[in-house]
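Colleague:
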Amino acid sequence: MPTVKLAPRGAARLNDGHVWVYRSDIAAANDAPPGSLVRVTDVRGKFLGTALYSSSSQIAIRMISREEVRDLPALIAERIRAAISYRKNIVSNTDAYRVVFSEGDFLPGLIVDRYHDVLSVQILTQAMDAEPVRSAVVNTLADEFKPAGIVERVDSRIRELEQLPPRASGLIQGEKSSTVVEMNGVRFHYDGLEGQKTGAFLDQRENYAAAAQYGHGEALDVFCYQGGFALHLAAKCSSVTGVDSSRPALEMAEKNAVLNGREVEWIEANAFDLLKDYSTAKRQYDTIVLDPPAFAKTKRDLDKALRGYKELNLRALKMLRPGGVLITCSCSYHVSATDFTGVVADAARDAHKSLRVLENRSQAKDHPSLINVPESSYLKCLIVM
Ligand code: SAH
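With the first letter of the sequence shown counted as 1, position 178 gets the number 364 in our numbering; the numbers rise by one all the way through.
Written out as structure tokens, the structure reads:
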């Protein structure tokens, strides 16, 4: 097995409990092949653990164990079974949830979502793309779930970054790629070959239930995608309007409304323009959801992202009736929970509102974050009243 030697800063990072080492913190990689399993040592040769190596990513080392690993496919199968068993205790009221969340399940570079009888797999690193590993993943999942279909969702940008040959999304086992799921008593269509990303809304599953708990009166779901929040609110609210700029997302949202026998008004619009128009027109709501896409994709975008969040939250708060509830989210990792609360606090001050924090939430428990890996915790969901 090839050995990768870490510079002191790389070794310090692992000793701090992190699982990634950047290329700049590697002292010698000794021509480790792309995607290989490597022994990791400090500069003096002291063994630090076993990792998956990427020859092209900035994250060169992703630790898979602090011990020696002889049989990677066997370890992967064991970790997948452990991820499944972890969820038996923490996931309820749904047949759609994340089964494997990369580092959060000690399987760096692998994402698996379950949508009732269809599984969706995403492979994000050279090591997970190797044939014996792929087989271990597919065989273990097929064994454990007996799904009607396993779909692979390919992110072509990531394959390029990892210098992997292009590959098409599609069924990799079975026949079925679309299905219907039910979470918190609300039903959704799932089409594994369509949509913006696998499980766009699974990380919000517990937040949907929380929003439904407080939702009342007239509701506005901004950045509604396929209607996750809107359809959860429909049971509790007198009317619900969903806004998104994506027509295909809204078409799916309407199908979901029909599936649940609900009436929701869907508006195709740029959320910034619509909120500006509606707040100028003094429209009022009792429940507003803000769940925009990640504004800060890198640290450099942080200031601009914070201004975006501030504008959205200020406009929403101005449109909130007394006693109204705002459910406001951010999925940008670079915007910390403290930053985000600060932005909402600034918006409340500017809107002359005294708000109570009902809940300070994050991603659903089937998207586990590692306490020593801050990058694995990304979703913020504040519920204020
Ligand atoms: N709340 C959704 C997920 C939202 S994802 C759920 O729970 O399922 C972010 C959504 O914002 C996407 O559907 C995307 O189409 C939409 N979007 C991105 N930019 C937008 C804009 N400027 N105006 C309106 N919608 C936008």
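Just so it is clear, CB atoms sit at the ideal spot from N, CA and C, and this is done for glycine as well.
The ligand SAH heavy atoms versus the CB of ASP463: any closer than 7 Å?
Modeller: The residue given as residue 463 occupies position 277 in the sequence shown. Checking the Cβ of ASP463 against the ligand SAH gives no.
Colleague: With DSSP run on the structure shown, which of helix, strand or coil describes ASN546?
Modeller: Here residue 546 refers to the residue found at position 360 of the sequence shown. ASN546: strand per DSSP, three-state reduction.
Colleague: Output yes if chain B places a C-beta closer than 8 Å to the C-beta of PRO554; else output no.
Modeller: No chain B is present in this structure, which holds just one protein chain.
Colleague: LEU258: which of ASN558, ASN275 and THR236 sits nearest, CA to CA?
Modeller: Start at 1 with the first residue of the sequence shown, and residue 258 comes out as number 72. Comparing Cα positions, the closest option is THR236.
Colleague: For ASP407, which residues does DSSP report across the bridge?
Modeller: Position 221 of the sequence shown, counting from 1, holds the residue named residue 407. In DSSP, ASP407 forms a bridge with GLY428 and VAL475.
Colleague: Is there at least one non-hydrogen atom of the ligand SAH closer than 7 Å to the beta-carbon of ASN456?
Modeller: Position 270 of the sequence shown, counted from the start, is the residue given in the question as residue 456. Because some heavy atom of the ligand SAH lies under 7 Å away, the Cβ of ASN456 counts as near it: yes.
Colleague: How long is the line joining the alpha carbons of ARG199 and VAL205, rounded to whole angstroms?
Modeller: Residue mapping note: residue 199 aligns to position 13 of the sequence shown, counting from 1. Residue mapping note: residue 205 aligns to position 19 of the sequence shown, counting from 1. Their Cα atoms are separated by approximately 8 Å.
Colleague: Give me the residue from LEU310, VAL366 and ILE266 with the minimum Cα distance to ILE245.
Modeller: Your numbering for residue 245 matches position 59 in the sequence shown. Per the Cα distances, LEU310.
Colleague: Per DSSP, SER240 forms a beta bridge with which residues?
Modeller: Here residue 240 is taken as the residue at index 54 of the sequence shown, counted from 1. Note: SER240 sits in no beta bridge, so no partner.
Colleague: Going by beta carbon distance, what residues of the same chain come within less than 6 Å of GLY494, once the five residues before and after it are set aside?
Modeller: For the purposes of this step, residue 494 is taken as the residue at position 308 of the sequence shown. Hits under 6 Å: PHE481.
Colleague: Is the region 425–439 close to the region 355–373, with three or more CB pairs under 8 Å?
Modeller: Segments in contact, no.
Colleague: Figure out for me which residue from TYR411, GLY414, MET438 and LEU406 has the closest Cα to the Cα of CYS423.
Modeller: Translated into positions along the sequence shown, residue 423 becomes position 237. CYS423 has its Cα closest to that of LEU406, out of TYR411, GLY414, MET438 and LEU406.
Colleague: Kindly indicate which residue of ALA260, PHE458 and LEU305 has the alpha-carbon position closest to the one of ILE336.
Modeller: Locating residue 336 in the sequence shown gives position 150, where the first residue counts as 1. It is LEU305 whose Cα lies nearest to the Cα of ILE336.
Colleague: Does the distance from the CB of HIS418 to the CB of ALA395 come in under 8 Å?
Modeller: In the sequence shown, residue 418 corresponds to position 232, counting from 1. In the sequence shown, residue 395 corresponds to position 209, counting from 1. For HIS418 and ALA395, yes; Cβs fall inside 8 Å.
Colleague: Under 7 Å: does the beta carbon of PHE481 sit that close to some heavy atom of the ligand SAH?
Modeller: Stepping through the sequence shown from its first residue, residue 481 is reached at position 295. Checking the Cβ of PHE481 against the ligand SAH gives no.
Colleague: Is GLY414 near the ligand SAH - that is, is its Cβ less than 7 Å away from at least one heavy atom of it?
Modeller: Sequence index remark: in the sequence shown, residue 414 carries index 228 (1-based). True, at least one ligand heavy atom lies under 7 Å from that Cβ.
Colleague: Give me the Cα-Cα distance between GLU545 and CYS567, rounded to the nearest whole angstrom.
Modeller: Within the sequence shown, numbered from 1, the residue matching residue 545 stands at position 359. Within the sequence shown, numbered from 1, the residue matching residue 567 stands at position 381. For GLU545 and CYS567, the distance between alpha carbons rounds to 8 Å.
Colleague: Can you give me the Cβ contacts of HIS302 inside the same chain, cut-off strictly under 7 Å, excluding the 5 residues immediately before and after it?
Modeller: By 1-based counting over the sequence shown, the position of residue 302 is 116. ASP281, ALA282, THR365, VAL366 and VAL367, listed in sequence order.
Colleague: So, at 6 Å on beta carbons, what are the nonlocal neighbours of ARG195 in its own chain, with the 5 sequence-adjacent residues on each side left out?
Modeller: Taking the first residue of the sequence shown as position 1, residue 195 is located at position 9. Once the five neighbours on either side are set aside, the close Cβ partners of ARG195 are ASP211.
Colleague: According to the Cβ coordinates, are LEU238 and PRO294 closer than 8 Å?
Modeller: For this step, residue 238 is matched to residue 52 along the sequence shown. For this step, residue 294 is matched to residue 108 along the sequence shown. Cβ distance < 8 Å, so LEU238 and PRO294 count as in contact.
Colleague: Could you compute how far the alpha carbon of SER522 sits from the alpha carbon of GLU451?
Modeller: Indexing the sequence shown from 1 puts residue 522 at position 336. Indexing the sequence shown from 1 puts residue 451 at position 265. Each residue's Cα considered, the two are about 33 Å apart.
Colleague: Can you find the residues in the same chain that come closer than 8 Å, C-beta to C-beta, to LEU388, ignoring five residues on each side of it along the sequence?
Modeller: Position 202 of the sequence shown, counting from 1, holds the residue named residue 388. The answer, listed in chain order, is ALA282, TYR283, ARG284, ASP299, ALA550, ASP552 and HIS553.
Colleague: With a threshold of 8 Å, are at least 3 pairs of Cβ atoms found where one atom belongs to the region 446–466 and the other to the region 481–492?
Modeller: No, the region 446–466 does not touch the region 481–492.
Colleague: Going by alpha carbons, who is nearest to ALA316 out of GLU330, LEU296 and LEU541?
Modeller: Counting from 1 along the sequence shown, the entry for residue 316 is found at position 130. If we check each option's Cα against that of ALA316, LEU296 comes out closest.
Colleague: Between LEU350 and ASP341, what straight-line distance do the alpha-carbon atoms span, to the nearest angstrom?
Modeller: The residue you call residue 350 lines up with position 164 of the sequence shown. The residue you call residue 341 lines up with position 155 of the sequence shown. About 11 Å.
Colleague: Can you list, in chain order, the residues of its chain whose CB lies under 6 Å from that of ASN221, leaving out five sequence neighbours each side?
Modeller: Position 35 of the sequence shown, counting from 1, holds the residue named residue 221. What sits at residue 221 in the sequence shown is Gly, not Asn. Excluding positions up to five away in sequence, the list reads GLN312, ALA313 and ALA316.
Colleague: With DSSP collapsed to three states, give me the class of LYS490.
Modeller: For the purposes of this step, residue 490 is taken as residue 304 along the sequence shown, with counting starting at 1. In this structure, LYS490 counts as helix in the three-state DSSP scheme.
Colleague: Mapping the DSSP letters down to three states, classify GLY528 as helix, strand or coil.
Modeller: Here the question's residue 528 lines up with position 342 in the sequence shown. Looking at GLY528 - three-state DSSP - the assignment turns out to be helix.
Colleague: What are the boundary residues of the alpha helix (DSSP H) that ILE270 is part of?
Modeller: Translated into positions along the sequence shown, residue 270 becomes position 84. Where ILE270 is concerned, the enclosing alpha helix (DSSP H) stretches over 258–276.
Colleague: For ARG507, count neighbouring Cβ atoms within 10 angstroms of its own Cβ and tell me buried if that reaches 16, exposed if not.
Modeller: To locate residue 507, count along the sequence shown from 1; it is residue 321. Label assigned to ARG507: exposed.
Colleague: Assign ARG343 to buried or exposed, taking buried as 16 or more other Cβ atoms, counted over all protein chains shown, within 10 Å of its Cβ.
Modeller: Counting from 1 along the sequence shown, the entry for residue 343 is found at position 157. Exposed: under 16 other Cβ atoms inside 10 Å.
Colleague: Here's a check: name, in chain order, each residue in its chain whose Cβ is nearer than 7 Å to the Cβ of LYS504, leaving out the five neighbours to either side.
Modeller: Reading the sequence shown from its first residue, position 318 is the one you call residue 504. If we look at LYS504 and ignore the five residues flanking it on each side, its Cβ neighbours are SER465 and ALA537.
Colleague: Below 8 Å between beta carbons: does that hold for LEU234 and VAL224?
Modeller: Reading the sequence shown from its first residue, position 48 is the one you call residue 234. Reading the sequence shown from its first residue, position 38 is the one you call residue 224. Cβ distance not < 8 Å, so LEU234 and VAL224 don't count as in contact.
Colleague: Identify, in the order they occur along the chain, each residue of the same chain with its Cβ nearer than 6 Å to the Cβ of ASP377, setting aside the five sequence neighbours on each side.
Modeller: Start at 1 with the first residue of the sequence shown, and residue 377 comes out as number 191. Taken in chain order, the residues that qualify are SER364.
Colleague: Got a sec? Which residues, its chain only, sit under 7 Å from ASN558 by beta carbon, not counting five neighbours each side?
Modeller: If you number the sequence shown from 1, residue 558 lands on position 372. Cβ within range, chain order: ASP202, GLY203 and HIS204.
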